[in-house]
Amino acid sequence: MSMPSIKSRKIDIVHEIPISKSLKFWEGLKEGKIYATKCKACGKIFFPPNTDCPECLNTDLEWIELSNEAEIETFTHVVIRPTTFQQNKPYTVAIGKLKEDVKVLAWLTGFKLSEIKVGMKVKLVAKTSMEGNPTYEFVSLQQ
Amino acid sequence: MRKVAIIGAGCSKFGARNDVTISELAFEAVKPSLEDAGLAAADMEFVALGSVGAGAWYEELLPAVVISEYCGMTKAGLVRCEAACASGSAAFFTAYSAIASGQAEIAMALGAEKMREIDSATAMEWIGRAGYYFWEFHNFGVTFPAYYALYASAHMAKYGTTEEDLALVAVKNHKYASMNPIAHLRNRVTVEDVLSSMVIAYPLKLFDCCPLTDGASSLILASEEKVKELKIDTPIWVAGIGYSSGTANMSKRSDFVGLEASVLASQRAYKAAGVTANQVEDAEVHDCFTIAEIMAYEDIGLCKKGEGVKLLREGQTEIGGKIPVNVDGGLKAKGHPIGTTGCAMIYELTKQLREEAVEKTRQVPFKNYIALAHNVGGTGHYCYVTILKR
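Protein sequence lines, in the order shown, are assigned to chains V and W. Under the working numbering, the first sequence has 56 at position 56, and the numbering climbs by one with no breaks. Under the working numbering, the second sequence has 421 at position 278, and the numbering climbs by one with no breaks.
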C-alpha cells in the first residue's frame, strides 16, 4: 500500500570528527590502555575524557590510566540493529562503574544473556572493532 | 509575568501518513486550531515550531518557514525549537514566553513531524545517533529502545519490576487508544501479546515500544486581555511550566532507575503553578517505552520511588483510579511523532479540561480542573512539565 511519492536526491554524508585534543585516548587504546582525564586544578576525573574542565573552567588536564575492574550497573541486549550495525550480530551494551567513580558505557562480550546480572564484576579492556577502529569493551574477569 | 491561556487546539490524525507532506500534515492541525480560536492565520504574531527530523527523516531543513508559508503565517515571528522528543513542549514554552513577557498578544505553538519517509532501520539509526553520537553510538550502536532497556534492567534489578508489569502499561494505553479516533495503534493488546512480541532490546519487546508516527498538533495562546476581548468562553490557563536537563552521556547519570530531569522539572512546575502532585486530576506522561511511564509516575511524584508498579497493578492510573494517565493512548499507542508530542499532550489536556474528549468513555472527571503534561527529550536529556488549569 505504498502511496504515490517522489524520491529525494541521494547524498552520502560522512563527518570528519576532530580528535586532535583527544588523540592520547585513541592512541592509548591501540596500546591497550584506557585513559581518562583529570583536572590539574580541581582534581575532577572525566570519562569520556573532557579536555576542558567544566567544573572550574581550567584547560590544563592530565591523562590518567583507568583501573580496569568495573561493576555492572545496567545492561541491554540489542537485537534489532540500526542501519550501520546490520553487519554485526546482536550485541550487549552495559554501563559499568570503575573505582575512580566514573562510569563507562561499552559492549559486554563473552557472556550469555542469562549469565549477566546487575552488580556483577567485569574487566574493561581496549579492543579493535570489526571495522578496525580502536574501541573498548567489558569482558569476563578471567579474560 | 502576564497570564496566558490556550484558546485554540487542533491535532491531525496520527499514523503512517505517507499521503501528505510535512506542510500538508501541519495544516491539518493549524486549521482546526484557528477555527477553534475564531482567528485567522494572519493574526499569529509569533509561531514556535517543534520538529526534530528536518533533513533527516524528512526532506525539509527549514520546516518552520515551509509550514508557515503553506499555512499563511508568513511575517509572524518564527522559530524552530529543538529539545529532542520534548521539542513540542519547548515550542509551547517559547510561545507562552512571548505572551507572558508582553512581546505578543497571540502566538502559536505547533508540532509537526514526519518519521516514515525513510526505512525503519535508518529511522532507528538517526534516533540512536541522537543520544551522544561520538561516545555512545559510533562504537556501540545504542538505539533508543536500548537506552530505555538500560533503565528497565536497572529498575527491575532494584525494585523487582517485571516484564509483566511493563506489559501492563501497553495494555492500558492500547485500551485508551482504541477509544481515540486520532490514535495510531487502535488495537487492544493483552499481557501475553506483549510478552510474546519480538525482542527489540532486552528486556523491551516490540509492544513495549512506541511506533514511528507521523502527526501534527497546534495550540493558539493568548494574553488575558485578548481572552477578554475575543470573549473566549472556556480558556485553559497555563498555571506553570518547569524545565530541566540531564547529561548527554547516559553513563554520566547518577543512577538508571529514574530521570533526574523529570524530578527537577516537575518540582519547578508544581512550585510555579502553586499546586501539589496530588491535586493533579489528569496526566499525560512521556511513555515512549513502557518502563518510561512507570519511572514517570515516580519521578513526577504521583507515588514514591519504586512504587510505580503498585499504582499500575492497582489500576490507579486508569479512569476511575487515583490519577488517570495517558488516557489518549499515550506515546505508546496514540503514537510519538517526536517534535509534535508535547503539543499533542497539551492538545489532549485542553480537550479534557474543556470536557470535550471526543469519546465520552475516556472523559476524565474533574473537580479542581488541574492537568499536567510531562514531556521528556532523549534519554532524560531534556524535560518540560506543563501544568494547566481551567
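Where is the CB? At the ideal position from N, CA and C, for every residue including glycine.
For this session: Give me the Cβ distance between L402 (chain W) and G389 (chain W), rounded to the nearest whole Å; I'm assuming they're in contact under 8 Å.
Result: 7 Å
Problem set entry | P4 (chain V) in three-state terms, based on DSSP | When secondary structure is reduced to three states using DSSP, P4 (chain V) falls in the coil class, being assigned neither helix nor strand.
Problem set entry | Neighbouring residues, chain W, relative to E100 (chain V) (Cβ below 8 Å) | Going along chain W, no residue has its Cβ under 8 Å from E100 (chain V), so there is no contact; the nearest lies around 13 Å.
Exercise. Going by alpha carbons, who is nearest to V222 (chain W) out of W:S211, W:A487 and W:C154?
Worked result: The shortest C-alpha separation from V222 (chain W) is found at W:S211.
Problem set entry | Residue environment, L60 (chain V), which counts as buried when at least 16 other CB atoms sit within 10 Å | For clarity, residue 60 (chain V) is Asp in the given sequence; the question names Leu instead. Counting Cβ neighbours within 10 Å, D60 (chain V) comes out exposed, since fewer than 16 surround it.
For this session: Identify each residue in the segment 289 to 306 of chain W for which the Cβ-Cβ distance to at least one residue of chain V is less than 7 Å, and report them in chain order.
Result: Sequence-ordered contacts of the segment 289 to 306 of chain W with chain V read A289, A292, L293, S296, A297 and A300 [C-beta pairs closer than 7 Å].
Problem set entry | Within chain W, partners of N133 (chain V) - CB distance below 9 Å | The contacting residues are H281 and N282.
Exercise. Beta-carbon of K89 (chain V) versus every beta-carbon of chain W: anything under 7 Å?
Worked result: no
Problem set entry | Any chain V beta carbon closer than 7 Å to G478 (chain W) | no
Problem set entry | When W:L355, W:H298 and W:V452 are compared against S263 (chain W), the one with the closest alpha-carbon | W:L355
For this session: Establish whether the CB of Y201 (chain W) and some CB of chain V are separated by less than 7 Å.
Result: no
Exercise. Alpha carbon to alpha carbon, how far is N161 (chain W) from L29 (chain V)?
Worked result: 46 Å
For this session: Measure the CB-CB distance between A320 (chain W) and L328 (chain W) and report whether it falls below 7 Å.
Result: yes
Problem set entry | Inter-residue Cα distance where the pair is G358 (chain W) and K301 (chain W) | 36 Å
Exercise. Under 7 Å between C-beta atoms, does T522 (chain W) make it to chain V?
Worked result: False, the Cβ-Cβ gap to chain V never drops below 7 Å.
For this session: Alpha carbon to alpha carbon, how far is E457 (chain W) from G158 (chain W)? Give it in angstroms, no decimals.
Result: 31 Å
Exercise. By the criterion of Cβ-Cβ separation under 7 Å, what are the contact partners of T76 (chain V) in chain W?
Worked result: A289, A292, L293, S296, A344 and Y345
For this session: Give the residues of chain W in contact with M63 (chain V), contact being defined as C-beta atoms less than 8 Å apart.
Result: It should be pointed out that residue 63 (chain V) corresponds to Trp in this sequence rather than to Met. Per Cβ cutoff of 8 Å: no residues; W63 (chain V) is ~17 Å from chain W at best.
Exercise. Taking any Cβ of chain V, which residues in the segment 245 to 268 of chain W have a Cβ under 7 Å from it, in chain order?
Worked result: Hits within the stretch, in order: A264, T265, M267 and E268.
For this session: Return the residues of the segment 103 to 128 of chain V that lie within a Cβ-Cβ distance of less than 7 Å from chain W, sorted by chain order.
Result: K103, V104, L105, A106, W107, L113 and V118
Exercise. Relative to the C-alpha of C42 (chain V), which residue among V:P48, V:K33 and V:C53 is closest?
Worked result: V:C53
Exercise. Looking at E188 (chain W) and I249 (chain W), is the spacing between their C-beta atoms short of 7 Å?
Worked result: In this structure, E188 (chain W) lies closer than 7 Å to I249 (chain W) by Cβ.
For this session: Would you check if there are 3 or more beta carbon pairs closer than 8 Å linking the segment 217 to 235 of chain W to the segment 115 to 126 of chain V?
Result: By the Cβ criterion, the segment 217 to 235 of chain W is not in contact with the segment 115 to 126 of chain V, since fewer than three pairs of Cβ atoms, one from each stretch, lie closer than 8 Å.
For this session: Output yes if chain V places a C-beta closer than 7 Å to the C-beta of T390 (chain W); else output no.
Result: T390 (chain W) does not count as touching chain V.
Problem set entry | Under the three-state DSSP convention, the category Y345 (chain W) falls into | strand
For this session: Under the assumption that L347 (chain W) contacts F432 (chain W) (Cβ atoms under 8 Å), give the Cβ distance between them as a whole number of angstroms.
Result: The Cβ separation is near 6 Å, so the contact holds.
Problem set entry | Under 7 Å between C-beta atoms of V139 (chain V) and I72 (chain V) | no
Exercise. For the candidate residues V:V78, V:T84, V:L113 and V:E65, whose alpha-carbon lies nearest to that of E100 (chain V)?
Worked result: V:E65
Exercise. What residues in its chain sit with their C-beta under 7 Å from that of D336 (chain W), if we drop five residues either side in the sequence?
Worked result: F350
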